[in-house]
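Asks: Every letter in the sequence shown is one number past the one before it in our numbering, and letter 259, counting from 1, is 507.
Beta carbons: idealized from backbone N, C-alpha and C, even for Gly.
What follows is a structure written as structure tokens; I'll ask about it next.
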Amino acid sequence: MFDIDKWYEIIATIRKNKMRTFLTGFSVAWGIFMLMILLGAGNGLSNGVSQNFMRDAVNAMWLWSGRTSIPYQGMQEGRQIRFTNADYEILKDLEGIEYTSGRYYIGGNIFSYGKEHGEYTAITCHPELKEVESLDIVEGRFVNEVDITKTRKSVVLGKDISDALFKEKDPIGEYIRVNNIPFKVVGVCKEGGGTRHRNAYIPVTTGQKVFNGSNRLHNFALTINAETLEESQAIEARVRETLARKHKFDVTDESAMGSYNKLEDVIQTMKIFQAIDIFIWIIGIGTLIAGVVGVSNIMLIVVKERTKEIGIRKAIGASPSSVIVLILMESVIITTIAGYIGLVLGTGLMEGVNFFVEQQFAASAASNGGQGETFFRNPTVDIDVALMATGLLVVAGALAGYIPAKRAARIKPIVALRDE
């Protein structure tokens with residue numbers, strides 16, 4: 249495409265002006281380096297927050313009862329709202345609800361096995377709580393429907409409880425005492441993404457029967473079939489209206505029934521990170537443009553310095569296009585090589601940071617029962633983004649050299665030969 253003499257000439261020009269070339273290339277390399285760092289850091293924060301969200305199902309929702317704060321149909325405020333098993337039957341069949349579990353808490357629980365004992369939290373629940381709270385079964389199984397219908401005294405221990413009571417012994421099939429009542433261990437679990445596993449899970453019917461809960465439920469844990477904020481809010485409104493109608497309280501009364509819709513938080517947080525990504529791209533590209541403008545300015549100086557040389561070329565028959573190609577090649581070479589160096593250094597640094605973060609995460613997981621916690625994960629840049637940045641540099645290099653090249657092509661030989 250280009251004759252070898254042009255390449256020799258460009259290399260000779262670059263060697264002749266080493267400091268100028270270095271400073272020009274440094275500005276471009278720094279721009280792409282900072283772009284990779286900013287993008288990697290943005291990805292790391294986004295991945296870390298997403299990882300923390302995954303502790304429970306992303307589309308999870310929790311409901312809990314309280315006291316009314318608004319009079320309703322002649323009834324005074326201050327009435328206690330109590331959820332029951334009948335509410336569970338209504339919710340599990342409600343449109344838009346995926347998984348449902350009622351929960352009944354038992355306070356001040358002493359767990360014991362042999363000479364070992366400790367105080368932990370016992371949660372009575374339905375089998376679908378496993379899906380809502382992303383529980384990971386380490387050994388055995390979770391609470392099932394047979395446990396519910398037959399009110400079995402089964403218990404699934406959190407990993408921390410199992411380790412404290414059984415040490416190295418296999419707990420499955422063993423009997424422990426919860427408030428001095430025997431329960432058979434059927435499983436061991438970890439809480440999704442958490443670092444502490446100190447909850448035990450008992451069939452809700454068993455807990456209500458053994459611990460005098462009657463048909464009482466303290467709250468509900470649900471997952472909903474929604475992908476957008478609007479769908480999520482519509483399902484939440486349907487749930488609230490249904491329970492408000494049954495328990496006779498104002499649908500707007502947040503004190504009568506509280507709720508937390510995790511999907512809303514996830515969507516809102518992801519929107520924030522999308523805005524941060526846009527902001528990062530603006531800053532990174534702005535830095536890159538500053539470097540490219542520097543290249544253009546340097547090439548203008550190059551054209552000024554070589555005015556007489558360009559005039560001689562044109563006087564002996566060089567075409568304007570050959571002059572443009574010569575200047576463009578020098579500009580593209582400088583920006584491409586410098587940009588590639590910045591790209592490699594930026595992605596290399598992010599890979600190094602990622603290695604360090606993963607080592608720290610692994611150490612945290614090892615000391616917390618296999619689960620680590622961090623707000624910063626995988627701060628790397630996708631290969632597609634890196635390739636796009638490289639292509640952007642080539643285009644930017646061509647644009648940076650085009651204006652000086654056009655100026656050089658317009659120089660008249662007679663004027664150039666008079667230049668001092």
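Report the partner residues of M669 according to the DSSP bridge assignment.
Replies: There is no way to answer for residue 669, as the model of the chain reaches only from 249 to 668.
Asks: Could you pull out every residue in the same chain whose Cβ sits closer than 6 Å to the Cβ of F331, ignoring the five residues on either side in sequence?
Replies: Stepping through the sequence shown from its first residue, residue 331 is reached at position 83. Closer than 6 Å at the Cβ level, and outside the excluded window around F331, lie S313 and L465.
Asks: Rounded to whole angstroms, what's the CA-CA distance from G617 to L405? Just pull it up for me.
Replies: Residue numbering aside, residue 617 sits at position 369 when the sequence shown is read from its first letter. Residue numbering aside, residue 405 sits at position 157 when the sequence shown is read from its first letter. Confidence at G617 is low in this model, with a pLDDT of 47, below 50, so the placement of that residue should be treated as unreliable; the coordinate-derived value is given next. When rounded, the distance between both Cα atoms is 14 Å.
Asks: At least one CB of chain C closer than 8 Å to the CB of K401: is that the case?
Replies: This model lacks chain C altogether, as it is built from one protein chain only.
Asks: Could you give the DSSP three-state label for F604: helix, strand or coil?
Replies: On the sequence shown, position 356 is the one that residue 604 refers to. Of the three classes helix, strand and coil, the one that applies to F604 here is helix, per DSSP.
Asks: DSSP three-state label for K417, please.
Replies: The sequence position of residue 417 within the sequence shown is 169, counting from 1. Residue state, collapsed to three classes: coil.
Asks: Give me the residue from T500, N427 and N473 with the minimum Cα distance to T512.
Replies: For the purposes of this step, residue 512 is identified with residue 264 of the sequence shown, where counting begins at 1. Note that residue 512 corresponds to Glu in the displayed sequence, not to Thr. The residue with the shortest Cα to Cα distance from E512 is N473.
Asks: Between the segment 319 to 334 and the segment 414 to 434, can you find at least three pairs of beta-carbon atoms closer than 8 Å?
Replies: Taking 8 Å as the limit for Cβ pairs, the verdict is that the segment 319 to 334 does not touch the segment 414 to 434.
Asks: Comparing alpha-carbon positions, which option in D418, R400 and A644 lies nearest P451?
Replies: Here residue 451 is taken as the residue at index 203 of the sequence shown, counted from 1. Measuring from the Cα of P451, the nearest candidate turns out to be R400.
Asks: Might you give, ordered along the chain, the residues of its own chain that have their beta carbon closer than 8 Å to the beta carbon of V601, omitting 5 neighbours on each side?
Replies: Position 353 of the sequence shown holds residue 601. So the qualifying residues of the chain are G288, G292 and P627.
Asks: Whole angstroms are fine: how far does the CA of T638 sit from the CA of G587?
Replies: Within the sequence shown, the letter at position 339 stands for residue 587. Within the sequence shown, the letter at position 390 stands for residue 638. The straight-line gap from Cα to Cα measures roughly 7 Å.
Asks: On the DSSP letters alone, give me the boundaries of the beta strand (DSSP E) that D384 sits inside.
Replies: Working through the sequence shown from its first residue, we reach residue 384 at position 136. Note, D384: beta strand (DSSP E), D384 to G388.
Asks: Cα-Cα, which of E484, F390 and S569 is closest to E379?
Replies: Here residue 379 is taken as the residue at index 131 of the sequence shown, counted from 1. It is F390 whose Cα lies nearest to the Cα of E379.
Asks: Does the distance from the C-beta atom of Y352 to that of G461 stay below 8 Å?
Replies: On the sequence shown, residue 352 is found 104 positions in, with the first residue counted as 1. On the sequence shown, residue 461 is found 213 positions in, with the first residue counted as 1. Yes, these two residues count as a Cβ contact at 8 Å.
Asks: Among L377, Q328 and G356, which one has its Cα closest to the Cα of E346?
Replies: Translated into the one-based positions of the sequence shown, residue 346 becomes position 98. Comparing Cα-Cα distances from E346 to each of L377, Q328 and G356, the minimum goes to L377.
Asks: According to the neighbour-count rule (16 or more other Cβ atoms, all chains shown, within 10 Å of its Cβ), is T348 buried or exposed?
Replies: Here residue 348 corresponds to residue number 100 of the sequence shown, with the count starting at 1. T348 should be labelled buried.
Asks: Is P451 near the ligand COA - that is, is its Cβ less than 7 Å away from at least one heavy atom of it?
Replies: Here there are no bound small molecules, and the ligand COA is not part of this structure.
Asks: Any idea what DSSP makes of L405, helix, strand or coil?
Replies: Counting from one through the sequence shown, the residue named residue 405 turns up at place 157. Strand.
Asks: Quick check: N307 and T454, are their CB atoms within less than 8 Å of each other?
Replies: Translated into the one-based positions of the sequence shown, residue 307 becomes position 59. Translated into the one-based positions of the sequence shown, residue 454 becomes position 206. No, Cβ-Cβ distance for N307 and T454 is not below 8 Å.
Asks: Starting from G350, follow its DSSP beta bridges and name the residues at the other end.
Replies: Taking the first residue of the sequence shown as position 1, residue 350 is located at position 102. In DSSP, G350 forms a bridge with F468.
Asks: When the Cα of A334 is compared with those of E367, S569 and N467, which residue comes out closest?
Replies: Against the sequence shown, residue 334 aligns to sequence position 86. Ranking the options by Cα distance to A334, first place goes to N467.
Asks: E422 and Y361 - do their beta-carbons sit closer together than 8 Å?
Replies: The residue labelled residue 361 in the question sits at position 113 within the sequence shown. The residue labelled residue 422 in the question sits at position 174 within the sequence shown. For Y361 and E422, yes; Cβs fall inside 8 Å.
Asks: By a C-beta neighbour count over all protein chains shown, 10 Å radius and 16 as the cutoff for buried, is L635 buried or exposed?
Replies: Along the sequence shown, one-based indexing puts residue 635 at 387. So L635 ends up on the exposed side.
Asks: Taking the alpha carbon of G590 as the reference point, which residue from D384, F270, V276 and I385 has its own alpha carbon closest?
Replies: The residue you call residue 590 lines up with position 342 of the sequence shown. Per the Cα distances, V276.
Asks: Tell me which same chain residues have a C-beta within less than 7 Å of the C-beta of T595, skipping the five on either side of it?
Replies: Numbered from 1 along the sequence shown, position 347 holds the residue referred to as residue 595. If we look at T595 and ignore the five residues flanking it on each side, its Cβ neighbours are M284, V629 and A634.
Asks: Could you tell me the boundaries of the alpha helix (DSSP H) in which A474 lies?
Replies: By one-based count along the sequence shown, residue 474 stands at place 226. Careful: A474 lies outside any alpha helix (DSSP H) and carries neither H nor E.
Asks: Write down the C-beta distance between V499 and E484 rounded to the nearest angstrom, noting that I regard them as a contact closer than 8 Å.
Replies: In the sequence shown, the residue the question calls residue 499 occupies position 251. In the sequence shown, the residue the question calls residue 484 occupies position 236. About 11 Å separates the two Cβ atoms, so there is no contact after all.
Asks: Within the same chain, show all residues whose beta-carbon is closer than 7 Å to that of Q328, passing over the 5 residues directly before and after it, in chain order.
Replies: Residue 328 sits at position 80 when you count from the first residue of the sequence shown. These residues qualify, in order along the chain: R315.
Asks: Opposite I483 in the DSSP bridges: which residues?
Replies: Taking the first residue of the sequence shown as position 1, residue 483 is located at position 235. According to DSSP, which records beta bridges pairwise, I483 is partnered with nothing at all.
Asks: Would you kindly work out how many angstroms separate the C-alpha atoms of R658 and M282, rounded to a whole number?
Replies: Translated into positions along the sequence shown, residue 658 becomes position 410. Translated into positions along the sequence shown, residue 282 becomes position 34. Rounded to whole angstroms, R658 to M282 spans 37 Å at the Cα level.
Asks: Comparing C-alpha positions only, which one of R486, V605, A644 and Y650 sits nearest to G296?
Replies: As a working mapping, residue 296 is identified with position 48 in the sequence shown. G296 has its Cα closest to that of V605, out of R486, V605, A644 and Y650.
Asks: Just tell me which of E393, I354 and H445 has its CA closest to the CA of L383.
Replies: As a first step, residue 383 is located in the sequence shown; it is residue number 135 there, counting from the start. For L383, the nearest C-alpha among the options comes from H445.
Asks: When you compare only the Cα positions, how much space is there between G534 and W278?
Replies: Translated into the one-based positions of the sequence shown, residue 534 becomes position 286. Translated into the one-based positions of the sequence shown, residue 278 becomes position 30. Cα to Cα, G534 sits roughly 12 Å from W278.
Asks: Report all residues from its chain with a CB closer than 7 Å to the CB of I651; omit the five preceding and five following residues, and keep chain order.
Replies: What you label residue 651 is simply residue 403 of the sequence shown in a count that begins at 1. S544, listed in sequence order.
Asks: Report buried or exposed for N428, applying the criterion of at least 16 other Cβ atoms within 10 angstroms of its Cβ.
Replies: For this step, residue 428 is matched to residue 180 along the sequence shown. Exposed: under 16 other Cβ atoms inside 10 Å.
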